[in-house]
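Taking it in order: structure first as structure tokens, then the write-up.
Numbering (our numbering), first residue to last: 12 to 382.
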């Protein structure tokens, strides 16, 4: 499969627990309640842009890694760091993103032939209401794109053996592939700030206990001396190589893939632990692929913070092949059957078409509920 002319779909889902990196992303909490704001910007490494979009029920897009200029962005992990854009109206994203991307040399127009790849290992979820909303979106895509979902299981790894028979177990192979290098770079990239803060104020800055645990898992074990001497990044890049295997391709269209996260809406305290290498939030950074996050609706849940019933946004994410142009290069309102190879079908438009076909509003309001 050649990802240079492909279109990839995936369905990661809303997470019900919060992470320390959420604190570095004020752009989305500002957008969600403020009518006057149309778009906001932020950054994303391993989810710090996509998670707040899910929590606040807004649209976001993480472009293909390296597609935009990251000058001025305070990074944690160069291999993953990327700008991310937020908004409440998916219709308005196309023109905005086109202007922002400009004439980036990484842009390309993908083929209009498209397959919808469905992550069989992660869906459906254990929550019926959540699953129902996700499935309605998947069916909307099937209807709008006139395709049938294709289930992609991780068992394909054992068949394809992209790195040989010795590495047939994907869980063992990836293990900490997207974790240890990230933690190491995050620790060292924050060192200058921490040192300057301590000199100025006489004490180190506050660091969440989860970050202490993350950094300790690297520094105390001495596993990662730098980001390149462990083979972890090489293992991560194998995900992208794997999606070029024949099992991901067909005669009429060539596609990439992504995955989704199985998740319950039950809020519970869990011990800290390393995510495995194919954790959902690491998929697009590892594959250097674009990812659009879209809110579907909200469902009620009992909040342990407020002690009352609150609306919880249910969100899906759709991924495309690296470098895919984020908007239709010609008239974006034409039918799929009218498109040729010079008309780039892209992520934002695919999401909009799928939402409309499923009768899901493509614009969210400010306030506690989405619609």
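Beta carbons: idealized from backbone N, C-alpha and C, even for Gly.
Within the region 288 to 315, the complete beta strand (DSSP E) segments at least 3 residues long are 302 to 313, listed from N- to C-terminus. In the three-state reduction of the DSSP assignment, residue 133 falls in the coil class.
Here the alpha carbons of residue 326 and residue 367 stand approximately 15 Å from one another.
With a beta-carbon spacing of about 6 Å, residue 332 and residue 300 fall inside the 8 Å limit used to define contacts. Beyond the five residues adjoining it in sequence on each side, residue 178 comes within less than 6 Å, by CB distance, of 184 in the same chain, given in chain order. For residue 142, the enclosing alpha helix (DSSP H) covers residues 139 to 156. Secondary structure of residue 374 (DSSP, three-state): strand.
Counting every other CB atom within 10 Å of its CB across the protein chains shown gives residue 206 a total below 16, marking it as exposed. In the three-state reduction of the DSSP assignment, residue 48 falls in the coil class.
Under the three-state reduction of DSSP output, residue 174 falls in the coil class, being neither helix nor strand.
DSSP links residue 72 through a beta bridge to 96 and 303.
Residues 320 of the same chain have their beta carbon placed closer than 7 Å to that of residue 313, with the five preceding and five following residues left out of the count. A straight-line Cα-Cα distance of about 18 Å links residue 168 and residue 244. Within the same chain, Cβ atoms closer than 7 Å to the Cβ of residue 144 are found at 307, 308 and 325, the five residues on either side in sequence being excluded. Minimum Cα-Cα distance from residue 70 among the listed residues 375, 208 and 141 corresponds to 375. Per the C-alpha coordinates, the member of 79, 50, 65 and 94 positioned closest to residue 56 is 94. Counting other Cβ atoms within 10 Å of its Cβ, residue 89 stays below 16 and is therefore classed as exposed. Distance between residue 64 and residue 210, taken at the CA atoms: about 36 Å. The C-alpha of residue 139 lies about 20 Å from the C-alpha of residue 291. By the neighbour-count definition (other C-beta atoms within 10 Å, threshold 16), residue 369 is a buried residue. When the beta-carbon positions are compared, residue 173 and residue 256 come within less than 8 Å of each other. Bounds of any beta strand (DSSP E) do not take in residue 380, whose DSSP letter is neither H nor E.
One alpha carbon belongs to residue 74, the other to residue 296, and they sit about 10 Å apart. In terms of Cβ geometry, residue 156 and residue 125 form a close pair [threshold 8 Å]. Residue 160 is positioned such that its CB atom lies closer than 8 Å to that of residue 153. When the five nearest sequence neighbours on each side are left out, the beta carbons in the same chain lying within less than 7 Å of the beta carbon of residue 362 are those of 101, 303, 305 and 329, in order along the chain. Beta-carbon to beta-carbon, residue 133 and residue 149 are separated by about 12 Å, too far to satisfy the 8 Å threshold.
In terms of CA proximity to residue 182, 247 leads the group 50, 247, 213 and 163. Per DSSP, residue 185 is one residue of the alpha helix (DSSP H) stretching across 181 to 185.
Listed in chain order, the non-local C-beta contacts of residue 215 below 7 Å within the same chain comprise 205, 208 and 209, local neighbours out to five positions each way being set aside.
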